[in-house]
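*Asks:*
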Amino acid sequence: MNPMLTALARLLIFPGLLFAVPAAWFFLWVERKAVARMQERVGPPFMQPFWDFTKLLGKSTPPRPGIAGFIMRAWPLIAVGSAAGAVGLLPVLPLSGGFEGDLILLLALLELPSICIIAAGFSSRSIFGEIGSAREAALSVSYNIVFLLAIVSIAASQHTFRLEALAAMHPSFLTVLGIIAILICLPAKLHINPFSLPNAEQEIYSGPMTEYAGPELAMWELAHGLEWVAATGLVATLVAPHIALAWGTSLLAGGIFVVLSVAVVLLLSVLAAATARLAIDSSVRFYWQCTLIFAVLAISSALFVRFWL
Amino acid sequence: MNLWKRLMCTARRKSPWLFHMNSGSCNGCDIEIIAALSPRYDAEQLGVLLQGSPRHADILVVTGPVTNKAVNAVKTVYDQVCGPKAVVAIGSCPATTNVFIDSRTLDGPLDKHLPVDVYVPGCPPRPDAIIAGVVKAAVLLAERGSDAPQPTVAIATAEEVQP
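As given, the protein sequences belong to chains A and B, one line each in that order.
Everything in the first sequence is counted per the numbering used here, starting at 3 for the first residue and increasing by one.
Everything in the second sequence is counted per the numbering used here, starting at 2 for the first residue and increasing by one.
1) Does chain A have any CB closer than 9 angstroms to the CB of residue 176 of chain B?
2) Which residues in chain B have a C-beta closer than 9 angstroms to the C-beta of residue 45 of chain A? List them in chain order.
3) Between which two residues does the alpha helix (DSSP H) holding residue 190 of chain A run?
4) For a quick check, are the C-beta atoms of residue 118 of chain A and residue 93 of chain A less than 9 angstroms apart?
5) Tell me which residue opens and which closes the beta strand (DSSP E) that residue 67 of chain B is part of.
6) Using three-state DSSP, classify residue 195 of chain A as helix, strand or coil.
7) Spell out whether any CB of chain B is found under 9 angstroms from the CB atom of residue 115 of chain A.
8) Scan the segment 200-218 of chain A for residues whose Cβ lies nearer than 9 angstroms to a Cβ of chain B and list them as they occur along the chain.
9) Indicate the three-state DSSP secondary structure (helix, strand or coil) for residue 55 of chain A in the structure shown.
10) Span of the alpha helix (DSSP H) holding residue 161 of chain A?
11) Residue 87 of chain B bridges to which residues according to DSSP?
12) Please identify, using Cβ separations under 9 angstroms, the residues of the segment 21-49 of chain A that lie next to chain B, in order along the chain.
13) Is it true that the CB of residue 236 of chain A sits closer than 9 angstroms to the CB of residue 184 of chain A?
14) Could you tell me whether the segment 51-68 of chain A touches the segment 10-21 of chain B, where touching means 3 or more Cβ pairs closer than 8 angstroms?
15) Is it buried or exposed for residue 302 of chain A, if we count other Cβ within 10 angstroms and need 16 for buried?
16) Got a sec: which bits of the segment 59-72 of chain A sit with their beta carbon under 7 angstroms from any beta carbon on chain B, in order along the chain?
17) For residue 1 of chain B, count the other beta carbons within 10 Å of its own beta carbon; 16 or more makes it buried, fewer makes it exposed. Which is it?
18) Output, in chain order, the set of chain A residues within a Cβ distance shorter than 8 angstroms of residue 22 of chain B.
19) Counting only beta-carbon atoms, is residue 191 of chain A nearer than 9 angstroms to chain B?
20) Please work out which residues of its chain come closer than 8 angstroms, Cβ to Cβ, to residue 297 of chain A, disregarding the five sequence neighbours upstream and downstream, and give them in chain order.
21) Is the distance from the Cβ of residue 60 of chain B to the Cβ of residue 5 of chain B below 9 angstroms?
22) List the residues of chain B that residue 277 of chain A touches, going by C-beta distances under 8 angstroms, in chain order.
23) Classify residue 244 of chain A as helix, strand or coil using the three-state DSSP reduction.
24) Tell me the residue span of the beta strand (DSSP E) that contains residue 20 of chain B.
25) Note down the Cα distance separating residue 127 of chain A from residue 119 of chain B, rounded to an integer number of angstroms.
26) Answer yes or no: do residue 110 of chain A and residue 304 of chain A have a C-beta to C-beta separation smaller than 9 angstroms?
27) Which first and last residues belong to the beta strand (DSSP E) in which residue 121 of chain B is found?
28) Three or more C-beta pairs closer than 8 angstroms, one from the segment 33-40 of chain B and one from the segment 128-136 of chain B: is that the case here?
29) Using 8 angstroms for Cβ pairs, my map puts residue 106 of chain B next to residue 68 of chain B. What's the rounded Cβ distance?
30) Leaving out five residues on either side along the sequence, give the residues of the same chain with a beta carbon under 7 angstroms from the beta carbon of residue 211 of chain A.
31) So the alpha helix (DSSP H) residue 21 of chain A belongs to, where does it begin and stop?
32) Going by Cα to Cα distance, which pick from B:95, B:113, B:89, B:123 is closest to residue 141 of chain B?
33) For chain B, check one thing: does any of its Cβ atoms lie closer than 9 angstroms to the Cβ of residue 124 of chain A?
34) So, is residue 3 of chain B buried or exposed, given that buried needs 16 or more other C-beta atoms within 10 angstroms?
35) Please report the distance separating the alpha-carbon of residue 91 of chain B from that of residue 35 of chain A.
Rendered as structure tokens:
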């Protein structure tokens, strides 16, 4: 098939926008519902994220004149675009046409929304936005070291930066270690509870999002949901060589992918409901002191296996 | 177009986001608002979320009799909420200034400064009454749409809530 057409289909249909946007709403609902059930509440109805999104589209925004306003409006769109691109790169279907090095592109696209959030907080010129952005920047420097080391150790042990090859690999002790390290980084990447300080509500209003309203806020919500899909999808593809086993039937592969992603969402929601927000110094210390050791261990053993065994 | 309008109407009814503003309240009503969001009453099953920023909110929930110090803050926060928006006055204080009437430190009641849509009387009102008031405001928002500045006044009481 024409590679251009395949790439477009992946970006726009599956696992891209047409699948990812409802999946994003579904994951946001699963997270809210799971937290509610943990707190013995009924929780929001199934369509709630969709209603929130639609309502925000219909709200007005404060006037933002000039180039500063234009930049402020651009950040959420860039975040949505990069998160959707990251979802589109995930190797869910058989022979989906990845290329050598697409793991690096995926990591860059996964990182872009967080950079957009930092920039958005500073360009909104609200003091709460600036505090939130500074926290997000400090947090992102901390967890990204661990996150990148974990992924590089998985990639180095398999000797490839190609997602399709990583998805098809057989699990080893190293991959399990790497996946655990990635799971530890996900709450910080998704700003959920032990590490929810960039958008700590009641504490610094809404952090970087404080000045955003209406359709712009809707785009941020969508970008957040797409980040959920991309991040949990990455774990799902790494966990499951089962997807590779099921590659005979595309439908089954897609189904396993979705089930695994929902399992990761549930795991993270339970963690979010069970913990309280940490202060910035303890979060940074957690990643630099406790987690970094394991990441360094993982990458050094990966390099050892690669070059000496 | 009509379909979009109906969709938006439903969305506004089903997703009321609140911003809570204290204009010199004794904290009694504020506690009842938190109780309305707690596991026992769980307003989130109606889509109600308490937002951190007034920019994100649809409904401004005001408690307190509006002290002299709070007047400008109340007006600023009302202007910061993006339209379409509604105001719910929680408790007897913003409705009538309650026992603080004729005090020289007050500039109330609330409707002297803002167009109030729903009054929830009580000192403090029960959480069910607060939820009923918020739902009433959400229905008003949905009916009013983007273009109808005239507020319609309603009163919400606990008796309206089905057990």
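The C-beta atom is built at its ideal place from N, Cα and C for all residues, glycine as well.
All figures in this text were calculated on a predicted structure; none of them were measured in a lab.
*Replies:* The structure says:
1) Limits of chain B in this structure are 2 at one end and 164 at the other, which puts residue 176 of chain B out of reach.
2) By one-based count along the first sequence, residue 45 of chain A stands at place 43. The contacting residues are 43, 45, 46.
3) Numbered from 1 along the first sequence, position 188 holds the residue referred to as residue 190 of chain A. Start and end: 175-191.
4) As a first step, residue 118 of chain A is located in the first sequence; it is residue number 116 there, counting from the start. As a first step, residue 93 of chain A is located in the first sequence; it is residue number 91 there, counting from the start. Residue 93 of chain A is positioned such that its CB atom lies no closer than 9 angstroms to that of residue 118 of chain A.
5) Position 66 of the second sequence holds residue 67 of chain B. Boundaries cannot be given for residue 67 of chain B, as no beta strand (DSSP E) includes it and DSSP labels it neither H nor E.
6) By 1-based counting over the first sequence, the position of residue 195 of chain A is 193. Annotated three-state conformation of residue 195 of chain A is helix, per DSSP.
7) Stepping through the first sequence from its first residue, residue 115 of chain A is reached at position 113. Not an interface residue.
8) Close to chain B, meaning a Cβ-Cβ distance shorter than 9 angstroms, are the following residues of the segment 200-218 of chain A: 201, 202, 203, 204, 205, 206, 207, 208, 209, 211, 212, 213, 214, 215, 216.
9) Here residue 55 of chain A corresponds to residue number 53 of the first sequence, with the count starting at 1. Of the three classes helix, strand and coil, the one that applies to residue 55 of chain A here is helix, per DSSP.
10) Taking the first sequence and counting its residues from 1, the one referred to as residue 161 of chain A is at position 159. Counting along the chain, residue 161 of chain A falls outside any alpha helix (DSSP H), and DSSP gives it neither H nor E.
11) As a position in the second sequence, residue 87 of chain B is number 86, starting the count at 1. Under DSSP, residue 87 of chain B shares a beta bridge with B:60.
12) When CB distances to chain B are screened at a threshold of 9 angstroms, the residues of the segment 21-49 of chain A falling below it are 34, 38, 41, 42, 43, 44, 45, 46, 47, 49, in chain order.
13) Numbered from its first residue, the first sequence carries residue 184 of chain A at position 182. Numbered from its first residue, the first sequence carries residue 236 of chain A at position 234. Cβ atoms of residue 184 of chain A and residue 236 of chain A: closer than 9 angstroms.
14) Flag = yes, the segment 51-68 of chain A and the segment 10-21 of chain B touch.
15) Counting from one through the first sequence, the residue named residue 302 of chain A turns up at place 300. By the neighbour-count rule (16 or more Cβ atoms within 10 Å), residue 302 of chain A is not buried but exposed.
16) The segment 59-72 of chain A vs chain B, Cβ under 7 angstroms: 60, 61, 62, 63, 64.
17) Here chain B covers residues 2 to 164 and nothing more, so residue 1 of chain B does not appear.
18) Mapped onto the second sequence, residue 22 of chain B falls at position 21. For residue 22 of chain B, no chain A residue has a C-beta closer than 8 angstroms to its own C-beta; the minimum C-beta separation is roughly 13 angstroms.
19) Along the first sequence, read from residue 1 onward, the residue named residue 191 of chain A stands at position 189. Closer than 9 angstroms: no.
20) As a working note, residue 297 of chain A is residue 295 in the first sequence. Excluding positions up to five away in sequence, the list reads 147, 148, 151, 152, 155, 183.
21) Counting from one through the second sequence, the residue named residue 60 of chain B turns up at place 59. Counting from one through the second sequence, the residue named residue 5 of chain B turns up at place 4. With respect to the 9 angstroms criterion, residue 60 of chain B and residue 5 of chain B are not classified as neighbours on the basis of their beta carbons.
22) Indexing the first sequence from 1 puts residue 277 of chain A at position 275. Chain B residues near residue 277 of chain A: none, gap ~18 angstroms exceeds 8 angstroms.
23) Within the first sequence, the letter at position 242 stands for residue 244 of chain A. Confidence is the limiting factor: at residue 244 of chain A the pLDDT is only 49, short of 50, which leaves the residue's position unreliable, though a coordinate-based value still follows. Helix at residue 244 of chain A.
24) For the purposes of this step, residue 20 of chain B is taken as residue 19 along the second sequence, with counting starting at 1. In the DSSP assignment, residue 20 of chain B falls within the unbroken beta strand (DSSP E) covering 18-23.
25) On the first sequence, residue 127 of chain A is found 125 positions in, with the first residue counted as 1. On the second sequence, residue 119 of chain B is found 118 positions in, with the first residue counted as 1. Residue 119 of chain B has its alpha-carbon roughly 34 angstroms from the corresponding atom of residue 127 of chain A.
26) For the purposes of this step, residue 110 of chain A is identified with residue 108 of the first sequence, where counting begins at 1. For the purposes of this step, residue 304 of chain A is identified with residue 302 of the first sequence, where counting begins at 1. Not a contact, by the Cβ cut-off of 9 angstroms.
27) Within the second sequence, residue 121 of chain B is the residue found at index 120, counting from 1. From DSSP, the beta strand (DSSP E) with residue 121 of chain B extends over 119-121.
28) Short answer: they touch.
29) Taking the first residue of the second sequence as position 1, residue 106 of chain B is located at position 105. Taking the first residue of the second sequence as position 1, residue 68 of chain B is located at position 67. Taking C-beta atoms under 8 angstroms as the contact rule, residue 106 of chain B and residue 68 of chain B qualify, at a distance of about 6 angstroms.
30) Taking the first sequence and counting its residues from 1, the one referred to as residue 211 of chain A is at position 209. Excluding residues up to 5 positions away in sequence, 201, 219, 222 lie with their Cβ nearer than 7 angstroms to the Cβ of residue 211 of chain A in the same chain.
31) Start at 1 with the first residue of the first sequence, and residue 21 of chain A comes out as number 19. For residue 21 of chain A, the enclosing alpha helix (DSSP H) stretches over residues 19-40.
32) Position 140 of the second sequence, counted from the first residue, corresponds to residue 141 of chain B. Per the C-alpha coordinates, the member of B:95, B:113, B:89, B:123 positioned closest to residue 141 of chain B is B:89.
33) Here residue 124 of chain A corresponds to residue number 122 of the first sequence, with the count starting at 1. By this cut-off, residue 124 of chain A is not an interface position.
34) For the purposes of this step, residue 3 of chain B is taken as residue 2 along the second sequence, with counting starting at 1. By the neighbour-count rule (16 or more Cβ atoms within 10 Å), residue 3 of chain B is not buried but exposed.
35) By 1-based counting over the second sequence, the position of residue 91 of chain B is 90. By 1-based counting over the first sequence, the position of residue 35 of chain A is 33. Roughly 28 angstroms between the two C-alpha positions.
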